[in-house]
Amino acid sequence: MQGMFLFHKILILLFGVAISVQAVPPVLNYAGQVAVNGEAFDGAGLFKFALVNADGTNTYWSNDGTSVGGSEPQASVSVPVDGGLYAVLLGNTALQGMGAIDPAVFAQHNDAKLRVWFSDGVNGFQQLSPDRPFASVPYAFSAESAKSADSANVATTAMAVQAGAITKQMLGQDVLSDLNRTVNHNDLSPKIKADINATIGMNRLSSEVTEKLNQEKTTTNYNAPSVGSLLAVPYGSDAPAGYSLYQRGEPKELVWEEKAAFSQPRAFLGSMLQFSPNGKIFALGGHVSPSTSYNLVESYDPLLNIWITKQPLTEVTFGQASTYYENKIYVLGGYNLSKVEVYDPQTNEWSVGTELPVETRYGSAVTLGSEIYFGGGRQSNTILNTFYSYSSAGNWIQKANMNLSRNGHRSLVYEDKIWIIGGANNNDGKLRSVEIYNPDTNSWINGPSLVTKRSGFSCWVWDNKIFVAGGFNENGIVQSIEYFDNEKGYWQTHGTLPTPNKYSSATALNDKIYIFGGVTGTDSTGTDSYSNKLYAADLNASMEGIYDLYRKDGNAPVGTPVVQSEYADGSVTTAKLDSTILKYLKPEITAQPQAQMVYADTNVSYSVTAEGKYLTYQWKKDGVDLTGETNDTLTITDANATQHDGNYSVVVSNDFGSVESNKVEVKTSDALLNGLVGWWKFDETSGTVAYDSSGNGNDGSLTGGPTWATGKIGGALSFDGVDDYVLVSKDFGSTVSISAWAKRVSGNNVMLWCFGNQSSGPDLFFSHNKICLNTWDSDTNLFGIFLVEANEWYNFSTIISSVETKLYVDGTLLGSANYRSTAEKNFYISMKEQGQGDYAWNGSVDDVRIYDRALSAEEVQALYKLGQ
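Following our numbering, the numbering of the sequence shown begins with 1 at its first residue and continues without gaps.
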């Protein structure tokens with residue numbers, strides 16, 4: 001309990017009768033002050049007390065009688081502490097845990113000291129030091145007089161002490177110094193300071209003052225507002241009596257900032273993702289068509305602005321619902337599924353939960369209290385209005401049905417009730433209607449309808465308001481946002497999304513709204529455009545400084561007088577402009593440069609977005625202008641620590657002022673060079689040798705006549721699919737990671753690379769949309785299903801180790817396969833040796849790397865981004 005310490009002064013009074021044969025146990029009034037971590041403690045403190053000898057090795061008394069030899073008592077006493085100050089009656093048996101004090105203690109022992117232990121209820125007990133001696137002899141009061149026992153080294157003397165007999169001259173110098181000390185502001189506790197600064201309400205006024213306030217008097221106000229004058233009131237607040245609304249303030253548009261994109265563009269349909277365990281945002285599954293779905297799971301860290309791939313769902317489907325319950329993520333249903341999967345963010349593992357009562361897709365789930373609620377959706381071709389609850393007991397219980405059947409709707413918790421919003425059904429089409437469920441009565445009522453019909457939208461709750469955004473209806477994809485404020489009782493529009501969007505997901509976190517994925521458009525052929533972008537907006541900023549105007553009622557012309565002042569042409573300079581005007585003219589940065597991982601020998605760009613007229617830009621490194629870097633984007637080429645590490649910012653300027661961006665730190669990492677034992681860039685353009693750029697001399701020999709071509713990153717090698725290959729005569733060991741960019745022209749049953757010749761392997765084998773780790777077991781050792789489009793570049797990164805054997809495609813985990821050793825075998829690109837031409841690669845290959853270790857998912861992502 002570092003930082004916990006005790007300030008205390010002791011006032012010890014012995015109440016009761018005189019210490020005699022008939023004496024009752026004394027009561028000592030003890031007061032002190034306690035702080036934890038330098039802050040005055042507030043709340044119920046736990047104390048233990050003992051009277052010990054001067055050496056602290058002998059116990060005369062303790063609050064529960066268990067202290068021996070000065071040891072800590074077992075029981076504690078709860079004492080209220082206010083602003084660090086507390087007082088307690090030692091020996092008061094009315095307090096739980098407090099035992100009586102034997103009156104003989106002070107007669108028999110003149111060296112008694114008080115020992116105290118304290119706990120704030122979070123940390124354990126700590127002995128407060130030093131033990132406190134008694135500053136004066138305790139007094140035993142009896143009726144109107146008291147007798148004192150002198151605890152000094154003189155004989156005990158009995159004397160009567162009359163009321164008022166103790167004078168200032170009788171007090172010790174240390175007591176006088178403390179009484180005369182000036183109490184300054186820093187000596188006061190936070191609670192006392194707050195009380196001093198608090199607004200004085202009627203309850204703090206004396207009856208004399210309130211009586212005068214309540215008197216009816218006639219006064220003349222010579223400065224009363226004139227009829228027709230205007231009053232500005234904060235947006236949405238009520239105006240004083242006698243004023244009518246003149247002009248409603250317009251909330252500011254949300255300013256959207258694009259963040260890091262996740263790996264695979266996709267829509268989320270029923271997966272709402274309104275949870276953020278440990279401050280992370282999770283994206284689950286998704287699809288780009290009913291026939292192409294994903295079991296991909298990624299989490300976003302807002303502080304680092306990165307997505308990290310997590311353990312995938314066990315089911316590849318779409319239309320799931322999801323919610324956060326008891327520190328776990330529940331994914332419910334999906335196409336032709338009643339399955340429930342449960343994810344533990346702490347262990348990165350999935351388990352199976354209790355199945356839904358029926359197969360359901362496009363339903364909606366939400367957590368309220370200790371239960372999950374799941375409703376609506378579609379079973380086969382039937383749209384449902386059923387509603388269920390689930391608790392930790394493990395059973396689904398059917399509740400009262402919703403008033404309408406719905407799918408594509410959204411649900412959320414608002415003021416301890418469940419709101420079911422929008423969606424669609426076969427009878428009514430797209431819906432504006434809202435239903436509200438009361439779990440206490442198991443009943444539904446109709447809520448206020450939306451302004452716009454919406455299905456497949458996203459929603460969130462913030463500042464006691466409900467927001468809905470995007471979706472689609474009979475008129476197409478919706479871009480608008482609207483919100484519901486309970487004080488007004490109706491929905492109203494408020495800004496737009498950065499693009500029209502349906503089937504996106506959103507979550508509010510730390511006063512920001514994050515929205516990602518979805519469908520952003522449809523072309524003339526009916527093909528949807530899917531997004532992998534993430535946008536964020538500051539919710540507070542849209543309401544700051546917004547006012548409604550109210551007009552003083554009465555018979556007067558509408559409007560207010562206009563005061564005019566005339567300036568000569570050209571005389572109004574920036575210096576004459578008020579700051580309230582200048583802030584609208586000078587530049588404003590709307591999207592800051594974003595920090596990102598920078599790997600050695602790679603390219604990276606930083607950009608800024610700003611609003612204003614005639615803007616200029618100047619990038620800086622460590623506060624010094626960078627020559628020639630005067631655009632809104634700064635690109636670092638072939639990054640290296642010596643030349644490029646530092647803090648970068650950009651100054652955006654115009655004639656009315658300038659503003660400097662946040663600084664981003666560039667710290668070049670050599671992680672992608674760690675363990676690199678072979679690297680063939682294929683940038684030679686001629687010859688029959690592919691040189692190893694790792695510096696290890698593992699050059700490759702071109703056989704069969706592969707030709708030099710344009711690649712994904714610089715040059716590449718083109719293979720004819722007949723007899724072309726590259727041989728690297730090197731044993732790279734039993735644990736390797738292979739990264740390669742490849743583009744296929746045609747052919748099935750082909751290999752991209754292999755270890756060993758003839759029938760040994762392993763090789764990365766492509767067979768009719770299956771990708772396998774093959775050792776002449778054909779396509780049975782499967783990584784996963786993946787359609788390799790012709791003439792498209794892909795990054796295939798394969799991790800081969802006895803601990804984990806995985807394949808990533810374009811930075812996204814495709815799946816795992818059984819381990820196959822690569823030890824004691826040469827490495828081939830394209831096919832095995834002559835005679836295996838049936839499996840030769842027909843297409844281009846670029847930037848092949850071999851590491852003698854297992855790469856992390858983040859490093860695989862970085863290799864993929866090198867080609868972007």
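Note that beta-carbon positions come from the ideal geometry of N, C-alpha and C, so glycine has one too.
Contact under 9 Å by Cβ, residue i with residue j
i, j, result
"residue 822", "residue 734", "yes"
"residue 414", "residue 399", "no"
"residue 618", "residue 629", "yes"
"residue 390", "residue 419", "no"
"residue 668", "residue 632", "no"
"residue 674", "residue 638", "no"
"residue 860", "residue 716", "no"
"residue 281", "residue 514", "yes"
"residue 848", "residue 719", "no"
"residue 585", "residue 552", "no"
"residue 663", "residue 793", "no"
"residue 774", "residue 781", "yes"
"residue 526", "residue 503", "no"
"residue 499", "residue 481", "no"
"residue 267", "residue 279", "no"
"residue 796", "residue 727", "no"
"residue 412", "residue 422", "no"
Host beta strand (DSSP E) of residue i (start-end)
i, result
"residue 765", "763-767"
"residue 647", "646-654"
"residue 337", "337-344"
"residue 469", "465-469"
"residue 438", "434-438"
"residue 664", "664-666"
"residue 871", "Only positions 1 to 868 of the chain appear in this structure, which leaves residue 871 out of reach."
"residue 803", "Unbroken run through residue 803: none, as it is neither H nor E."
"residue 50", "43-52"
"residue 32", "27-36"
Start-to-end residues for the alpha helix (DSSP H) that takes in residue i
i, result
"residue 210", "207-213"
"residue 196", "190-197"
Which listed residue (the options) has its alpha carbon closest to that of residue i
i, options, result
"residue 729", "691, 318, 354", "691"
"residue 858", "305, 329, 504", "305"
"residue 693", "500, 685, 677, 739", "677"
"residue 125", "45, 502, 539, 114", "45"
"residue 870", "537, 795, 747", "Outside the displayed span of the chain (1 to 868) sits residue 870, for which this structure offers no information."
"residue 395", "652, 684, 374", "374"
"residue 660", "66, 640, 620", "620"
"residue 85", "130, 825, 66, 39", "39"
"residue 855", "652, 117, 367, 813", "813"
"residue 259", "302, 292, 237, 279", "302"
"residue 99", "32, 90, 753, 228", "90"
"residue 101", "807, 60, 67, 131", "60"
"residue 33", "468, 540, 118", "118"
"residue 308", "299, 189, 634, 651", "299"
"residue 115", "749, 475, 494, 54", "54"
"residue 748", "760, 225, 772", "772"
"residue 315", "445, 324, 332", "332"
"residue 594", "35, 202, 257, 615", "257"
"residue 106", "56, 215, 51, 263", "51"
"residue 460", "505, 487, 96, 486", "505"
"residue 334", "183, 293, 528, 366", "293"
9 Å Cβ cutoff, residue i in contact with chain C
i, result
"residue 207", "Any reference to chain C falls outside this structure, which holds one protein chain only."
Would you check if the region 789-802 and the region 728-748 touch, i.e. whether three or more CB-CB distances between them fall below 8 Å?
-> yes
Between the region 329-344 and the region 352-366, are three or more C-beta pairs nearer than 8 Å?
-> Yes, since at least three Cβ pairs between the region 329-344 and the region 352-366 fall closer than 8 Å, the two stretches touch.
Could you name each continuous beta strand (DSSP E) segment of 3 residues or more that falls completely within the region 590-657, going from the start of the chain to the end?
-> 604-607, 609-611, 616-621, 633-636, 646-654
In chain order, which continuous runs of the beta strand (DSSP E) of length 3 or greater are located wholly inside the region 476-546?
-> Counting only runs of 3 or more, we get 480-485, 490-496, 505-509, 512-516, 519-522, 528-530, 534-538.
Can you list the alpha helix (DSSP H) stretches of 4 or more residues lying completely in the region 91-133, in chain order?
-> 104-108
When the Cβ atoms of the region 637-655 are set against those of the region 586-600, are three or more pairs found closer than 8 Å?
-> Contact holds: three or more Cβ-Cβ distances are below 8 Å.
Given 8 Å as the limit, is there contact between the region 345-352 and the region 371-385, that is, 3 or more CB pairs closer than that?
-> The region 345-352 vs the region 371-385: no contact.
Should the region 362-378 be called in touch with the region 403-417, which here means at least 3 C-beta pairs below 8 Å?
-> yes
Ordered list of alpha helix (DSSP H) runs contained in the region 291-368, each at least 4 residues = none
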